[in-house]
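2 protein chains.
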Amino acid sequence: MDKYKIDDVAKESGLTKRTIRYYEEIGVLFPPERSEGGMRLYTRKHIERLSQIVNARDVLGFSLMEIQDFVAIREKLDEQKQVYWKTEAAEEKLSQLREIKVMVDQQMDMVDQKINKMIEFRKEIEHMQKRVNDGISKMTT
Amino acid sequence: MDKYKIDDVAKESGLTKRTIRYYEEIGVLFPPERSEGGMRLYTRKHIERLSQIVNARDVLGFSLMEIQDFVAIREKLDEQKQVYWKTEAAEEKLSQLREIKVMVDQQMDMVDQKINKMIEFRKEIEHMQKRVNDGISKMTT
DNA sequence: GTAAAAGTTAACGTTGACGTTAACGTATAT
DNA sequence: ATATACGTTAACGTCAACGTTAACTTTTAC
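Protein sequences, first through last, are from chains P and A.
Count along the first sequence starting at 1, add 15, and that's the number in the working numbering.
Count along the second sequence starting at 1, add 15, and that's the number in the working numbering.
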């Protein structure tokens, strides 16, 4: 009872079916399993992921390629988790983790910069609000 | 000594000449005066405005059309300011100010929503940072 | 079992945001 | 005064991010 057809996903996410298939095509949404006849069967995970993509796209203004990078990092991290840590390849895993750390830290810096610029922008709008409100009160005394 | 040719503006803003002309063409950058021969002569105001546009575009992820709306609101407000407030058209001016207020308030809501989503996103990255750091410390004990 | 609804791939169309090129006029340094 | 560096408009090219349409198969409802 936790399998969704593409139209259900479309309705819940607000995206079109075309867009959902496109996101799979370019690799930002991981492929769902298929039915006997070839129909896509989505899970809650897919819907969550789509919600994150929409946020990154609309709110953060990320391109789909940037989102792809972000997704890739998360998947690498998930892979790492699956593996036992006490093995011969421990060295390699550690260096990979360090690489991932660099990328995640970069993402964090980017987002912090964006938040700061947003706050600057907010101040500008606040200033405009004051101007408008002053104008109105000056005319309604 | 405060007139800039387009190439100067391009260098200082980091935009191409084509982009600068394009922004004028679609109305997000107000047209500069021209020389005798037809060359565009920019001022500091233009450079400031371009910087704001780039911020809104890259950082806030606004489309140029959205920026156009924003610019239009600011210009309306500036027009209002130029006019004496005690005149026969005071009624009309007040209602215009109220219209502007609605739009500015909307902009403010939009930006606030974006900031909130940004902060959510930041938390996600923070979580990933923790996972990575924990993974590294677990392997370097 | 069959019609209608929803699914599939594949290919072409569209729109925004510029890049590129052509064909030409203007400013400036020697 | 003339080369050359920079300006102008106008038109076509490009790329991302989908929309649209066609031609077809699978599910679902009755």
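Note that beta-carbon positions come from the ideal geometry of N, C-alpha and C, so glycine has one too.
Please classify residue i: is it buried, with 16 or more other beta-carbons within 10 angstroms of its beta-carbon, or exposed?
i      : result
I113/P : The sequence given here has Arg at residue 113/P, not Ile. It is exposed - the Cβ of R113/P has fewer than 16 other Cβ atoms within 10 Å.
A104/P : exposed
A87/A  : exposed
V117/A : exposed
G53/A  : exposed
I134/P : exposed
Q121/P : exposed
K138/A : exposed
How many Å lie between residue i and residue j at the Cα?
i      : j      : result
P202/A : E39/A  : Any answer about residue 202/A is impossible in this case: the structure gives chain A only from 16 up to 156.
I82/P  : G29/P  : 19 Å
K60/P  : E48/A  : 56 Å
Q97/A  : Q144/P : 18 Å
V119/A : R36/A  : 28 Å
R55/A  : D127/P : 37 Å
R72/A  : D22/A  : 21 Å
Y19/A  : I140/P : 28 Å
E107/A : S152/P : 15 Å
T156/P : G150/P : 11 Å
I130/P : L109/A : 35 Å
T125/P : M154/P : According to the sequence as given, residue 125/P is Met; it is not Thr. M125/P and M154/P: Cα-Cα distance of roughly 44 Å.
Cutting at 8 Å between CB atoms, please list the residues of its own chain near residue i, excluding the five before and the five after it.
i      : result
N148/P : none
I41/P  : L79, Q83
Q111/A : K91, Q95
F77/A  : A71, F85
L44/P  : I35, Y38, H61, R64, L65, I68
In chain P, which residues lie less than 9 Å from residue i when you measure between Cβ atoms?
i      : result
L109/A : G150, I151, M154, T155
A105/A : M154
V98/A  : Within chain P, no residue comes near V98/A; the closest Cβ sits about 11 Å away, beyond 9 Å.
M54/A  : The contacting residues do not exist; M54/A stays about 31 Å from chain P at best.
In chain P, which residues lie less than 8 Å from residue i when you measure between Cβ atoms?
i      : result
R137/A : M123, V126, D127, I130
V69/A  : Result: empty, since nearest Cβ-Cβ is about 10 Å, beyond 8 Å.
Q95/A  : G150
I140/A : V119, Q122, M123, V126
Starting from residue i and walking both ways along the alpha helix (DSSP H), at which residues does that stretch end?
i      : result
K91/P  : 79-97
A105/P : 105-154
T34/A  : 32-40
E27/P  : 21-28
R64/P  : 59-69
Give the interface partners of residue i over in chain P, defined as CB-CB distance under 7 Å, in chain order.
i      : result
R146/A : L92
How would you list, in chain order, the residues of chain A whose beta-carbon sits under 8 Å from the beta-carbon of residue i?
i      : result
R113/P : I151
Given that residue i touches chain A, what residues does it touch there, using C-beta distances under 7 Å?
i     : result
L75/P : G76, M133, F136
At 9 Å on the CB atoms, spell out the chain A contacts of residue i, in chain order.
i     : result
K60/P : Those within 9 Å of K60/P in chain A number zero; the least Cβ separation is about 15 Å.
Keeping to the same chain, check which residues put their C-beta closer than 6 Å to that of residue i; ignore five residues upstream and five downstream.
i     : result
K32/P : I21, A25
Y57/P : Y19, V24, P47
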